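Colleague:
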Amino acid sequence: MQRARFRAGSQYPLWSTVGFIFVLCFLIWELAGVQAAERGKYARCSTQSFCAYHRQRREQQTSQQELAANATAPGTRCRLREPEPFRLQKTSSSVLIFELLQREANDSGTLSQLQLEVGAVTHSIFSIRVREPPPSDTIQLGLLRRRKQHASVSKYERYSPVEDVMMYREPWLQLERLAASTATSCPYVSSAAWLSSDTETVIVTASTSHASTEPVYNVLRVQHEPCRIALFNNVADWCALLQNSTATTTRPSLVWNAAELLAWIPLDANTTAAGSVAADVAFPRAIGLYGLPEHALDLRLPTTCTREPLRLYNLDVFEYELNSELGLYGSIPFILALNGSAHTVGALWMPASETYVDLCPLLDQERGTAMPHAHFISERGIPEMFVFAGPSPVEVSQQLALLTGHAPLPPVFALGYHQSRWNYRDEADALHVDGQFDANDIPYDVLWLDIEHTDNKKYFTWDGAKFPDPARLQQTLFEKAKRKLVTIVDPHIKAEPNYSLHERALKEDWYVRSGDGVSIYEGWCWPGKSHYPDFMDPRVQTGWSSCFVPSFYHGMTEHLHIWVDMNEPSVFNGPEGTFPKNVRHRLGALEHSDIHNIYGHMVHRATFEGLYRGRQGNLRPFVLSRSFFTGSQRFGAVWTGDNAAQWSHLAASVPMLLSISVAGIAFVGADVGGFFGNPQADLLTRWYQAAAYQPFFRGHAHLDTKRREPWLFGEPYTSLIREAIQERYALLPYWYVLFAAERTLPVIRPLFYVFPDESSLAGVQSSWLLGDALLVAPVLEAAPSTHRITLPGPASLCWYPVLPRTRRLFSGEHLVHRGQDTLVYPKPALSSMYVFQRGGSIIPRWERQRRSSSLMLGDPLTLHVALDAGFQARGMLYLDDGLSYGYQRGDYCFWRIAAMGQRLANGSTSLQLRLTLQALDALPPPSNLSRCAHVPLERFVFYLHAGERVVVRKPTLSVSGDVTTWQGVC
Numbered sequence: 001m002q003r004a005r006f007r008a009g010s011q012y013p014l015w016s017t018v019g020f021i022f023v024l025c026f027l028i029w030e031l032a033g034v035q036a037a038e039r040g041k042y043a044r045c046s047t048q049s050f051c052a053y054h055r056q057r058r059e060q061q062t063s064q065q066e067l068a069a070n071a072t073a074p075g076t077r078c079r080l081r082e083p084e085p086f087r088l089q090k091t092s093s094s095v096l097i098f099e100l101l102q103r104e105a106n107d108s109g110t111l112s113q114l115q116l117e118v119g120a121v122t123h124s125i126f127s128i129r130v131r132e133p134p135p136s137d138t139i140q141l142g143l144l145r146r147r148k149q150h151a152s153v154s155k156y157e158r159y160s161p162v163e164d165v166m167m168y169r170e171p172w173l174q175l176e177r178l179a180a181s182t183a184t185s186c187p188y189v190s191s192a193a194w195l196s197s198d199t200e201t202v203i204v205t206a207s208t209s210h211a212s213t214e215p216v217y218n219v220l221r222v223q224h225e226p227c228r229i230a231l232f233n234n235v236a237d238w239c240a241l242l243q244n245s246t247a248t249t250t251r252p253s254l255v256w257n258a259a260e261l262l263a264w265i266p267l268d269a270n271t272t273a274a275g276s277v278a279a280d281v282a283f284p285r286a287i288g289l290y291g292l293p294e295h296a297l298d299l300r301l302p303t304t305c306t307r308e309p310l311r312l313y314n315l316d317v318f319e320y321e322l323n324s325e326l327g328l329y330g331s332i333p334f335i336l337a338l339n340g341s342a343h344t345v346g347a348l349w350m351p352a353s354e355t356y357v358d359l360c361p362l363l364d365q366e367r368g369t370a371m372p373h374a375h376f377i378s379e380r381g382i383p384e385m386f387v388f389a390g391p392s393p394v395e396v397s398q399q400l401a402l403l404t405g406h407a408p409l410p411p412v413f414a415l416g417y418h419q420s421r422w423n424y425r426d427e428a429d430a431l432h433v434d435g436q437f438d439a440n441d442i443p444y445d446v447l448w449l450d451i452e453h454t455d456n457k458k459y460f461t462w463d464g465a466k467f468p469d470p471a472r473l474q475q476t477l478f479e480k481a482k483r484k485l486v487t488i489v490d491p492h493i494k495a496e497p498n499y500s501l502h503e504r505a506l507k508e509d510w511y512v513r514s515g516d517g518v519s520i521y522e523g524w525c526w527p528g529k530s531h532y533p534d535f536m537d538p539r540v541q542t543g544w545s546s547c548f549v550p551s552f553y554h555g556m557t558e559h560l561h562i563w564v565d566m567n568e569p570s571v572f573n574g575p576e577g578t579f580p581k582n583v584r585h586r587l588g589a590l591e592h593s594d595i596h597n598i599y600g601h602m603v604h605r606a607t608f609e610g611l612y613r614g615r616q617g618n619l620r621p622f623v624l625s626r627s628f629f630t631g632s633q634r635f636g637a638v639w640t641g642d643n644a645a646q647w648s649h650l651a652a653s654v655p656m657l658l659s660i661s662v663a664g665i666a667f668v669g670a671d672v673g674g675f676f677g678n679p680q681a682d683l684l685t686r687w688y689q690a691a692a693y694q695p696f697f698r699g700h701a702h703l704d705t706k707r708r709e710p711w712l713f714g715e716p717y718t719s720l721i722r723e724a725i726q727e728r729y730a731l732l733p734y735w736y737v738l739f740a741a742e743r744t745l746p747v748i749r750p751l752f753y754v755f756p757d758e759s760s761l762a763g764v765q766s767s768w769l770l771g772d773a774l775l776v777a778p779v780l781e782a783a784p785s786t787h788r789i790t791l792p793g794p795a796s797l798c799w800y801p802v803l804p805r806t807r808r809l810f811s812g813e814h815l816v817h818r819g820q821d822t823l824v825y826p827k828p829a830l831s832s833m834y835v836f837q838r839g840g841s842i843i844p845r846w847e848r849q850r851r852s853s854s855l856m857l858g859d860p861l862t863l864h865v866a867l868d869a870g871f872q873a874r875g876m877l878y879l880d881d882g883l884s885y886g887y888q889r890g891d892y893c894f895w896r897i898a899a900m901g902q903r904l905a906n907g908s909t910s911l912q913l914r915l916t917l918q919a920l921d922a923l924p925p926p927s928n929l930s931r932c933a934h935v936p937l938e939r940f941v942f943y944l945h946a947g948e949r950v951v952v953r954k955p956t957l958s959v960s961g962d963v964t965t966w967q968g969v970c
């Protein structure tokens with residue numbers, strides 16, 4: 001939610017009244033720019049001296065040398081420091097350490113007394129880190145992670161977020177040293193090795209992929225002078241380079257320090273860029289760069305040679321502009337560099353400070369072509385980067401998830417529809433809305449309460465006049481249709497005496513400190529005068545987490561879940577609406593400028609852990625957060641913040657959500673209908689149709705907008721919105737199996753992600769894939785004269801239009817389209833949603849209509865089997881109790897489904913389905929085999945490439961051990 005109204009109450013003391021006047025004036029000033037975020041209010045690279053310094057340095061650097069990926073212009077040198085053999089033997093992982101030698105030019109971005117550390121986290125994830133060398137007697141080889149308590153952090157030590165975001169806990173690869181004589185040949189190693197010559201040091205890793213028994217080799221080549229690191233995700237390319245080949249296939253997929261922009265400015269340097277760091281990376285093979293959320297930009301990132309670099313700085317941005325480099329609520333400094341299924345790579349920059357990314361291509365002089373290039377510039381931190389060898393988009397996502405974690409399996413209700421508003425007035429209003437969903441036969445799962453439900457903006461409290469018995473409200477919602485309630489808890493605490501949360505925070509020293517490192521920082525937010533917990537302090541995280549229990553949060557039951565807003569953090573009277581950068585964390589030992597972008601992530605984390613612990617690890621929490629950073633996917637959902645009721649914002653929501661998904665956060669959504677403004681009925685309808693196929697599905701609106709619950713616009717809109725929401729509920733088994741069985745992958749995927757070798761898809765952002773099986777191509781503009789859809793894949797690939805429920809459950813003719821077909825729909829009807837099922841896929845559905853997802857858990861399923869041209873299809877089915885962590889103990893059922901068929905001589909079709917019970921990765925095998933033996937199936941719908949739809953009702957199944965089969969002739 002954004003700042004647009006502040007409510008004063010008669011109970012406020014004098015200082016709150018003064019605060020109200022201050023905030024009211026502030027909000028009037030804000031609302032004067034209601035149409036869009038005021039650019040002049042927010043910093044840009046050109047106004048931030050540290051960024052302007054590095055960008056100018058780039059211009060000087062690139063004008064002095066050719067920028068080929070293998071250029072030999074003099075510059076920074078790196079010299080291998082020989083590892084000490086006894087230490088290599090004693091460590092379970094290793095890194096290679098290089099001394100960085102100062103370039104000859106007098107450059108205040110000095111690299112003297114620095115070392116470069118390069119290691120292989122896994123066979124396809126590599127770490128590149130620059131840091132100051134520790135004292136010689138404390139040098140540690142191995143993991144770069146260091147566990148430190150708040151009190152031990154030096155005032156001048158640079159902060160690294162690796163410990164706070166990295167989930168990979170296995171030892172890094174032990175590197176076997178090969179003889180120097182092999183440095184001119186192509187080594188083929190069994191696991192991981194390194195070798196060195198006078199000019200280069202090379203790390204080679206080998207692994208076996210799931211798709212092939214042949215080893216997959218990756219090569220990280222450290223060129224000594226100039227110091228550059230090239231990633232080859234095909235060993236043959238590096239071998240060809242050794243043989244002095246000039247073929248285009250010899251290009252690496254990634255080059256770190258390609259333009260020699262590595263910089264480390266000392267904290268005490270006599271320059272306005274003191275403390276800043278920078279590094280650059282080129283992608284010689286890429287046809288497009290993706291990621292770097294959160295921005296309201298195209299899916300394929302724009303070049304920034306003639307515009308401001310993209311900013312990553314989490315802010316509470318008021319009604320954000322589209323097509324802007326301005327950073328929004330979250331930051332993930334991750335880039336996916338696309339080049340087909342064989343050379344796609346990724347790069348993750350780690351500093352959590354204010355960061356700019358300049359995406360200006362480099363000229364490859366040798367080939368006369370432009371190379372996509374990213375120049376990362378951060379105000380503080382350590383120049384450390386993880387690179388991912390892919391070589392496909394799917395594998396890059398899996399590697400990113402291995403390093404930073406994946407989304408937890410959400411409770412089923414969280415995948416249903418959520419109804420929210422700022423604000424439902426009181427308990428009667430909330431129950432009326434709940435009742436109208438049932439009266440209009442529209443399913444939903446979760447009702448939301450915004451800040452007005454609290455006692456004068458004091459979180460963990462209730463307004464006793466409006467919500468006299470919150471536990472009763474939750475129980476009423478649950479008993480009626482097993483629905484849930486979500487309340488908002490923001491990370492600013494009203495500074496009011498006798499407020500229990502504030503008193504506890506004072507007593508236990510929770511609060512962020514001012515720049516002097518001693519006094520408590522005071523800012524202004526919804527409650528007026530506020531203090532902010534220091535979520536960088538482990539003590540505070542633990543303390544905050546302990547608040548999510550009924551003994552502290554009175555009225556809380558197991559049916560209550562949490563929404564974290566304003567956690568960038570938002571400070572109404574702060575610079576750019578957030579903390580001053582000199583605010584101190586960890587009892588004064590850490591400056592806010594080092595950690596700004598990770599603050600909201602830490603709030604999200606502490607809140608999730610609070611719900612988890614408060615329910616003894618039995619029930620899965622649901623927590624929504626507006627701010628995020630790398631790794632936030634582990635704690636729940638995020639959304640795109642304060643959008644507007646405009647067609648342009650509906651269209652922009654698609655690339656925004658896909659960008660966040662590609663960067664590792666799967667559970668994402670945008671407010672249906674737009675937060676600001678009043679949508680017209682056709683816009684609202686189209687928004688529901690699109691959002692029904694996006695992971696987080698919530699209707700939400702600003703306090704000053706007209707009510708817009710799904711039934712209020714009358715017919716035909718109520719029926720069309722009802723149909724869109726019912727389609728979401730029918731697909732819940734498919735959503736659920738994607739989160740359960742493909743948890744390391746995005747749930748919604750750009751078309752290029754599944755078809756990476758089709759270069760024409762690199763810029764497509766008006767349609768997407770739900771998993772690999774459903775293509776969603778909604779109408780995203782007002783009353784278009786035509787709606788054009790080009791289907792991906794080869795011409796042999798079948799695409800079957802998804803019909804409304806009233807038609808798809810009956811046999812008959814069925815259209816079938818082919819990959820590369822262009823479909824043109826003149827004057828598309830408002831009732832049309834344009835969804836296609838991929839040939840060769842099987843999708844489970846709940847076709848019985850219910851009031852909520854929890855009421856569907858025991859329902860039988862319908863399998864929609866879309867056969868490919870070879871009469872085959874594959875799919876998955878996952879079931880558990882939908883709510884608890886029992887699945888982690890084997891209390892679940894997971895089947896892989898295969899369908900086969902053939903056309904008989906008499907024209908009929910012989911069909912067979914085979915369901916095989918299996919264990920999910922990283923989980924124990926299913927423990928309740930008797931329950932899993934009875935697959936709850938009530939219907940099969942077969943789609944044949946000849947243009948037929950065949951429905952089989954009440955199929956007779958045969959069970960033998962872990963295999964369930966059906967066969968018949970249609």
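Residue 1 is where the sequence shown starts when you use UniProt numbering, and the numbers rise one by one after that.
Note that CB positions come from ideal geometry on N, CA and C, so glycine has one too.
It should be emphasised that the depicted structure is a prediction, and the values quoted were computed from it without experimental measurement.
1. When you compare the CB positions of PHE836 and LEU791, do they come within less than 9 Å of one another, or not?
2. Find the nearest neighbour of SER397 within the set ARG421, ILE335 and ASP455, judged by alpha-carbon distance.
3. Consult DSSP for PRO844 and reduce its assignment to one of helix, strand or coil.
4. Secondary structure at ASP594, three-state DSSP: helix, strand or coil?
5. Can you look up HIS604 in the DSSP assignment and give me helix, strand or coil?
6. Would you give the residue range spanned by the alpha helix (DSSP H) that LEU751 belongs to?
7. Alpha carbon to alpha carbon, how far is LEU409 from GLY890? Give it in angstroms, no decimals.
8. According to DSSP, simplified to helix, strand and coil, what is ASP445?
9. Measuring straight from C-alpha to C-alpha, what distance separates ALA71 and LEU362?
10. If we call anything under 9 Å between Cβ atoms a contact, is ALA279 one with ALA269?
11. Consult DSSP for HIS295 and reduce its assignment to one of helix, strand or coil.
12. Look at the alpha carbon of VAL255 and the alpha carbon of ALA337, and state the distance between them as a whole number of angstroms.
13. Work out the CA separation of THR205 and ALA829 for me, nearest whole Å.
14. For the putative contact between ALA296 and SER324, defined by C-beta atoms under 8 Å, what is the C-beta separation to the nearest angstrom?
15. On the three-state DSSP scale, how would you describe LEU289?
16. Which class does TYR800 belong to by DSSP, given the choice of helix, strand or coil?
17. Opposite PRO533 in the DSSP bridges: which residues?
18. Determine the direct distance from the alpha carbon of LEU774 to that of VAL540, and round the result to whole angstroms.
19. Within this structure, are the beta carbons of GLY901 and LEU929 separated by less than 9 Å?
20. Measuring only the C-alpha atoms, how far is ILE588 from TYR159?
21. Tell me the DSSP bridge mates of GLY875?
22. Starting from the Cα of residue 971, find the closest Cα among PHE697, ARG896 and ALA873 and give me that residue.
23. Below 8 Å on the Cβ atoms is my guess for VAL341 versus SER276; work out the distance and round it to an integer in Å.
24. Which of the three DSSP states is assigned to PHE739 in this structure?
25. From TRP966 to VAL951, what does the alpha carbon distance come to, in whole angstroms?
26. ILE97 bridges to which residues according to DSSP?
27. Pairs of beta-carbons, one from the stretch 411-431 and one from the stretch 366-374, closer than 8 Å: are there three or more?
28. So, are the CB atoms of ILE725 and TYR444 less than 9 Å apart?
29. In whole angstroms, give me the CA-to-CA distance for TYR553 and GLY614.
30. Enumerate in chain order the residues of its own chain whose CB-to-CB distance from PHE50 is below 6 Å, with the five nearest sequence positions on each side excluded.
31. Would you mind giving the Cβ-Cβ distance between ASP358 and ARG55, rounded to the nearest angstrom? I have them listed as a contact below 8 Å.
32. Where do the N-terminal and C-terminal ends of the alpha helix (DSSP H) with MET656 fall, by residue?
Modeller: The structure says:
1. In the sequence shown, counting from the first residue as 1, residue 836 sits at position 836. In the sequence shown, counting from the first residue as 1, residue 791 sits at position 791. PHE836 is a Cβ neighbour of LEU791, given a cutoff of 9 Å.
2. For the purposes of this step, residue 397 is taken as the residue at position 397 of the sequence shown. Comparing Cα positions, the closest option is ILE335.
3. As a first step, residue 844 must be located in the sequence shown, where it is residue number 844. Strand at PRO844.
4. Locating residue 594 in the sequence shown gives position 594, counting from the first residue. Helix at ASP594.
5. Position 604 of the sequence shown, counting from 1, holds the residue named residue 604. Reduced to three states, the DSSP call for HIS604 is helix.
6. Here residue 751 corresponds to residue number 751 of the sequence shown, with the count starting at 1. Unbroken alpha helix (DSSP H) run through LEU751: 751-754.
7. For the purposes of this step, residue 890 is taken as residue 890 along the sequence shown, with counting starting at 1. For the purposes of this step, residue 409 is taken as residue 409 along the sequence shown, with counting starting at 1. Cα to Cα, GLY890 sits roughly 14 Å from LEU409.
8. Position 445 of the sequence shown, counted from the start, is the residue given in the question as residue 445. DSSP places ASP445 in the coil class of the three-state scheme, outside both helix and strand.
9. For this step, residue 71 is matched to residue 71 along the sequence shown. For this step, residue 362 is matched to residue 362 along the sequence shown. Model confidence at ALA71 stands at a pLDDT of 34, short of 50, so the residue's coordinates are unreliable; what they give is reported in the following sentence. Each residue's Cα considered, the two are about 12 Å apart.
10. On the sequence shown, position 279 is the one that residue 279 refers to. On the sequence shown, position 269 is the one that residue 269 refers to. Note that the C-beta distance between ALA279 and ALA269 is not below 9 Å.
11. Here residue 295 refers to the residue found at position 295 when the sequence shown is read from its first residue. Correct three-state label for HIS295: coil.
12. To locate residue 255, count along the sequence shown from 1; it is residue 255. To locate residue 337, count along the sequence shown from 1; it is residue 337. Here the alpha carbons of ALA337 and VAL255 stand approximately 12 Å from one another.
13. As a first step, residue 829 is located in the sequence shown; it is residue number 829 there, counting from the start. As a first step, residue 205 is located in the sequence shown; it is residue number 205 there, counting from the start. Those two C-alpha atoms are separated by around 54 Å.
14. In the sequence shown, counting from the first residue as 1, residue 296 sits at position 296. In the sequence shown, counting from the first residue as 1, residue 324 sits at position 324. Their Cβ separation, rounded to whole angstroms, is 6 Å, which keeps ALA296 and SER324 in contact under 8 Å.
15. To locate residue 289, count along the sequence shown from 1; it is residue 289. Strand, per DSSP.
16. As a working note, residue 800 is residue 800 in the sequence shown. In the three-state DSSP reduction, TYR800 falls in the strand class (E or B).
17. Here the question's residue 533 lines up with position 533 in the sequence shown. Under DSSP, PRO533 takes part in a beta bridge, and its partners are TYR511.
18. Against the sequence shown, residue 540 aligns to sequence position 540. Against the sequence shown, residue 774 aligns to sequence position 774. Each residue's Cα considered, the two are about 44 Å apart.
19. What you label residue 901 is simply residue 901 of the sequence shown in a count that begins at 1. What you label residue 929 is simply residue 929 of the sequence shown in a count that begins at 1. Going by beta carbons, GLY901 and LEU929 fall outside the 9 Å limit.
20. Counting from one through the sequence shown, the residue named residue 588 turns up at place 588. Counting from one through the sequence shown, the residue named residue 159 turns up at place 159. According to the sequence displayed, residue 588 carries Gly and not Ile. Between GLY588 and TYR159, the C-alpha separation is close to 14 Å.
21. The residue you call residue 875 lines up with position 875 of the sequence shown. Per DSSP, ILE842 and ILE897.
22. Absent from the structure is residue 971, since the part of the chain shown begins at 1 and ends at 970.
23. Residue mapping note: residue 341 aligns to position 341 of the sequence shown, counting from 1. Residue mapping note: residue 276 aligns to position 276 of the sequence shown, counting from 1. Per the sequence presented here, residue 341 reads as Ser, with Val not at that position. Between SER276 and SER341 the Cβ distance is about 38 Å, and since that is not below 8 Å, they are no contact.
24. Against the sequence shown, residue 739 aligns to sequence position 739. In the three-state scheme derived from DSSP, where H, G and I count as helix and E and B as strand, PHE739 is classed as helix.
25. As a working mapping, residue 966 is identified with position 966 in the sequence shown. As a working mapping, residue 951 is identified with position 951 in the sequence shown. Each residue's alpha carbon lies about 14 Å from the other.
26. On the sequence shown, residue 97 is found 97 positions in, with the first residue counted as 1. According to DSSP, residue pairing for ILE97 in a beta bridge involves ARG81 and GLU117.
27. No, because fewer than three Cβ pairs between the stretch 411-431 and the stretch 366-374 fall closer than 8 Å, the two stretches do not touch.
28. Position 725 of the sequence shown holds residue 725. Position 444 of the sequence shown holds residue 444. Cβ atoms of ILE725 and TYR444: closer than 9 Å.
29. On the sequence shown, position 553 is the one that residue 553 refers to. On the sequence shown, position 614 is the one that residue 614 refers to. The straight-line gap from Cα to Cα measures roughly 11 Å.
30. Position 50 of the sequence shown, counting from 1, holds the residue named residue 50. Excluding sequence positions up to five before and after PHE50, its CB lies within less than 6 Å of the CB of ALA273, SER276 and GLU379, all in the same chain and listed in chain order.
31. Within the sequence shown, numbered from 1, the residue matching residue 358 stands at position 358. Within the sequence shown, numbered from 1, the residue matching residue 55 stands at position 55. Their Cβ separation, rounded to whole angstroms, is 6 Å, which keeps ASP358 and ARG55 in contact under 8 Å.
32. Here residue 656 corresponds to residue number 656 of the sequence shown, with the count starting at 1. Its alpha helix (DSSP H) spans residues 647-662.
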